[in-house]
Structure formats: C-alpha cells, structure tokens
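J.: Here it is: the structure, laid out below.
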Amino acid sequence: MAISYIFLFSLLFNLTIRSSGNTFAKAGIGPDTVFYKYETSAVRTTQIPLTYADSVCMFPAYDTYCQWDTVVIHPYRFDAAAFKDTVHLVLTGINSSDYVTPRFGKTNSNFGPRKRRSHFGVDIHLETGDTVVNAFDGMVRIARKNKSYGNVVIVRHENGLETIYAHLSKLCVKAGQCVKAGQLLGLGGNTGRSYGSHLHFEVRYLGEPINPNEVISFADQKLISDTLEITQQSFELYMHTKNGKYHKKGKKYVKKNMPKNSPAGYYYVRKGDTLYSIARRFGTTPDKL
Numbered sequence: 001m002a003i004s005y006i007f008l009f010s011l012l013f014n015l016t017i018r019s020s021g022n023t024f025a026k027a028g029i030g031p032d033t034v035f036y037k038y039e040t041s042a043v044r045t046t047q048i049p050l051t052y053a054d055s056v057c058m059f060p061a062y063d064t065y066c067q068w069d070t071v072v073i074h075p076y077r078f079d080a081a082a083f084k085d086t087v088h089l090v091l092t093g094i095n096s097s098d099y100v101t102p103r104f105g106k107t108n109s110n111f112g113p114r115k116r117r118s119h120f121g122v123d124i125h126l127e128t129g130d131t132v133v134n135a136f137d138g139m140v141r142i143a144r145k146n147k148s149y150g151n152v153v154i155v156r157h158e159n160g161l162e163t164i165y166a167h168l169s170k171l172c173v174k175a176g177q178c179v180k181a182g183q184l185l186g187l188g189g190n191t192g193r194s195y196g197s198h199l200h201f202e203v204r205y206l207g208e209p210i211n212p213n214e215v216i217s218f219a220d221q222k223l224i225s226d227t228l229e230i231t232q233q234s235f236e237l238y239m240h241t242k243n244g245k246y247h248k249k250g251k252k253y254v255k256k257n258m259p260k261n262s263p264a265g266y267y268y269v270r271k272g273d274t275l276y277s278i279a280r281r282f283g284t285t286p287d288k289l
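Pasting the structure below:
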C-alpha cells in the first residue's frame, strides 16, 4: 500500500512539472533543474541542493523559480526580452490571501524615470519607527542588511510575485518564516542608500520589477484588480535601462506613442488600446481617466 501511494504521488508530481514546462522553459527551468537553498552563518554561506519533493514542501512558487536564495537580493537570470507569454496571476480570491497595505502614507516618489536613473519601486512616506506590514501571504526569502536597500525584507508569494520592503530601521522577521498579509515585517527607517525616512516598496516577477501601480491603487489603498496580467510590456522600463541608468531607448518609456508638438498630459490612442491598458501605462485607474 505504501509503495502504491509513493508511485501515485510521483506520477502526479511529474505531470504537474511537465504541464508547467512550456511556460517556464525560457527561464531555464526543466524537469532536471536542481533547486537550492542557502544557509548563512557568521563564517560562510552553504549551498544545499534539494529534491523536488523538498522544494514543493518548503518554498512558494516552486514551479516558477529554481532556487531559494537567502543571501543574494536579485539572484535570478530571466530574459524579459524573450518573454512572449501572457500570465494571469490571482492576487486575492478563495484560494489566495487578502491584501493589506504595507504602509499608509503619501507617495513621495513613483515608479519610473527619475533624473538619469530608473526608480523600480514606490516610495511611501513614514517616520522612523513606524510599522511596515506584509502585503500578501508568503514566505520571507530575504531579511538582512544591504548596501543599497538598507535593512530589507523580501517576501515570495504563492503566485510567483515577490514584494520588497526597504530602508527599514529594524527587521522583525527571519528568512524562511511564513508570514500572513498584514503581519509586521519591520519598522520604517532611513537605512541604506536613502535620503530621509520612507518605505521603498517593489513588486517583482521572475526577478524583474513591474510597476506597483499596476497592482495597487495607492490613493485608495486597495488592489486595482483581483488578478494581474503580466506580459513583456510589464517589464518595459527595466528593458529600457542598463544597470539602473538610461541608455538611448530609455527616454522612449515616457514619450512613447506621443506625437510631436502634443500638449502636455495628452496621449495618442493607438489601435488595440483599451481604457485599462492606457491607465496601466500611466500608473492610474480607468475610473480616474
């Protein structure tokens, strides 16, 4: 009887892996991929290979990522330019968690171009010591100090998204810890490369940043939709930058599709545009348009 259960589990698991193989082949993930976890001590970091069964039991979105790194902030090597799929992620629903705003406050700096650099998140005003909470259920992948992010927490969620909470003054969770939406992650601060207390909040998929305004209406403190559509266009800003700085195509992110001599605040509607796609491009909602 025990052998029968093992065989059945193995068969179902292999079918699951094969069914997801086409979607994630471009990310270099296949049935022979080895998953890793990383354990850090005061002396060294040890890379430990895991079986598929271990990965299924331990980590969220096991079929999307091929490793679990608690040391490197951005360990993934995903080519957005080669991404041709359309992925629909469930954010809230019967089988998913609720959403809780990480921090109520004014948006100081938005996602997008900022002088000569790209800003891959949203900065929310707070005072040092203010609480910062988790947006969705998930597992903490990173909880450590970083030169740029300062004290930072990264949470991976079951749908494949990762959310980043940076510049904290204090960490209140550890890597590998399961966290619920609304659970305390840390206290706001001004650590790392920061000029004044604020929360730097990012949303990433397969390691690359997408506009948090496509997910959350920060003015209303609620989700724009229960589902999120991800296409190659979702990574547009990141593809137009190199090492965080603009190259020649970077300026097109703002001026794209704008005819010459157009008045400020106007957008030239193209064939195939919808009210939702235009709102998403400019980080707002259809109702506000």
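Residues in the sequence shown are numbered consecutively from 1, following our numbering. Where is the CB? At the ideal position from N, CA and C, for every residue including glycine. Bear in mind that the values here come from a model prediction, so they are computed numbers and not experimental data.
(1) Excluding the five sequence neighbours on either side, which residues of its own chain have a C-beta within less than 8 Å of the C-beta of Leu234, listed in chain order?
(2) State the beta-bridge partners of Phe201 as determined by DSSP.
(3) Need the endpoints of the alpha helix (DSSP H) that Glu236 sits in, please.
(4) Can you list, in chain order, the residues of its chain whose CB lies under 7 Å from that of Ile216, leaving out five sequence neighbours each side?
(5) My output table needs one value for Tyr195: the three-state DSSP class, helix, strand or coil.
(6) Grouping DSSP H, G and I as helix and E and B as strand, with all else coil, what is Pro209?
(7) If we ignore side chains and look at the alpha-carbon of each, how far apart do Val152 and His167 end up?
(8) How about the region 72-80 and the region 143-159: do they share at least three Cβ pairs that are nearer than 8 Å?
(9) Which residues in the same chain as Gly196 place their Cβ atom closer than 7 Å to its Cβ, once the five residues preceding and following it in sequence are excluded?
(10) Can you tell me whether Cys178 is buried or exposed? The criterion is at least 16 other CB atoms within 10 Å of its CB, across all chains shown.
(11) Would Gln126 and Leu199 be called neighbours here (beta carbons separated by less than 8 Å)?
(12) Buried or exposed for Ser148, please, with buried defined as at least 16 other CB atoms from any protein chain shown within 10 angstroms of its CB.
(13) Of the residues Ser169, Asp123 and Gly138, which one's Cα is nearest the Cα of Arg103?
(14) Looking at the secondary structure, which residues open and close the beta strand (DSSP E) in which Pro113 lies?
(15) Tell me which same chain residues have a C-beta within less than 7 Å of the C-beta of Leu171, skipping the five on either side of it?
(16) For Thr131 versus Ser169, is the C-beta spacing smaller than 8 Å?
(17) Answer with buried or exposed for Arg77, where buried requires no fewer than 16 other C-beta atoms within 10 angstroms of its C-beta.
(18) Give the secondary structure of Ala80 by DSSP, where H, G and I count as helix, E and B as strand, and everything else as coil.
(19) Taking buried to mean at least 16 other C-beta atoms within 10 Å of its own C-beta, is Gln297 buried or exposed?
T.: Here's the rundown:
(1) For the purposes of this step, residue 234 is taken as residue 234 along the sequence shown, with counting starting at 1. Correcting the residue identity first, residue 234 is Ser in this sequence and not Leu. Spatial neighbours of Ser234 in its own chain (CB-CB distance under 8 Å, excluding positions within 5 residues in sequence) are listed in chain order as Tyr205, Ile210, Asn211 and Glu214.
(2) For this step, residue 201 is matched to residue 201 along the sequence shown. Looking at the DSSP assignment, Phe201 forms a beta bridge with Val122 and Tyr165.
(3) Along the sequence shown, one-based indexing puts residue 236 at 236. Where Glu236 is concerned, the enclosing alpha helix (DSSP H) stretches over Glu236 to Met239.
(4) Here residue 216 is taken as the residue at index 216 of the sequence shown, counted from 1. So the qualifying residues of the chain are Leu223 and Ile224.
(5) Taking the first residue of the sequence shown as 1, we reach residue 195 at position 195. Three-state result, Tyr195: coil.
(6) Position 209 of the sequence shown, counted from the first residue, corresponds to residue 209. The answer is strand: DSSP assigns Pro209 an E or B state.
(7) Sequence index remark: in the sequence shown, residue 152 carries index 152 (1-based). Sequence index remark: in the sequence shown, residue 167 carries index 167 (1-based). Taking the straight line joining both Cα atoms gives about 6 Å.
(8) With a cut-off of 8 Å, the region 143-159 and the region 72-80 count as touching, because enough Cβ pairs lie within range.
(9) Locating residue 196 in the sequence shown gives position 196, where the first residue counts as 1. Hits under 7 Å: Asn190.
(10) Position 178 of the sequence shown, counting from 1, holds the residue named residue 178. By the neighbour-count rule (16 or more Cβ atoms within 10 Å), Cys178 is not buried but exposed.
(11) Along the sequence shown, one-based indexing puts residue 126 at 126. Along the sequence shown, one-based indexing puts residue 199 at 199. The sequence shown places Leu at residue 126, not Gln. Taking 8 Å as the cut-off, the beta carbon of Leu126 is found closer than this to the beta carbon of Leu199.
(12) As a working note, residue 148 is residue 148 in the sequence shown. Exposed, since its Cβ has fewer than 16 Cβ neighbours within 10 Å.
(13) Start at 1 with the first residue of the sequence shown, and residue 103 comes out as number 103. When C-alpha distances from Arg103 are compared across Ser169, Asp123 and Gly138, the shortest belongs to Asp123.
(14) Translated into positions along the sequence shown, residue 113 becomes position 113. Taken as a continuous stretch (DSSP letters only), the beta strand (DSSP E) holding Pro113 covers Gly112 to Arg114.
(15) For the purposes of this step, residue 171 is taken as residue 171 along the sequence shown, with counting starting at 1. Cβ within range, chain order: Ala143, Asn151, Val153 and Gly186.
(16) Locating residue 131 in the sequence shown gives position 131, counting from the first residue. Locating residue 169 in the sequence shown gives position 169, counting from the first residue. With a cutoff of 8 Å on beta-carbon distance, Thr131 and Ser169 are scored as not near each other.
(17) Numbered from its first residue, the sequence shown carries residue 77 at position 77. Here Arg77 is exposed: its Cβ has fewer than 16 other Cβ atoms, across all protein chains shown, within 10 Å.
(18) In the sequence shown, counting from the first residue as 1, residue 80 sits at position 80. In the three-state scheme derived from DSSP, where H, G and I count as helix and E and B as strand, Ala80 is classed as helix.
(19) Only positions 1 to 289 of the chain appear in this structure, which leaves residue 297 out of reach.
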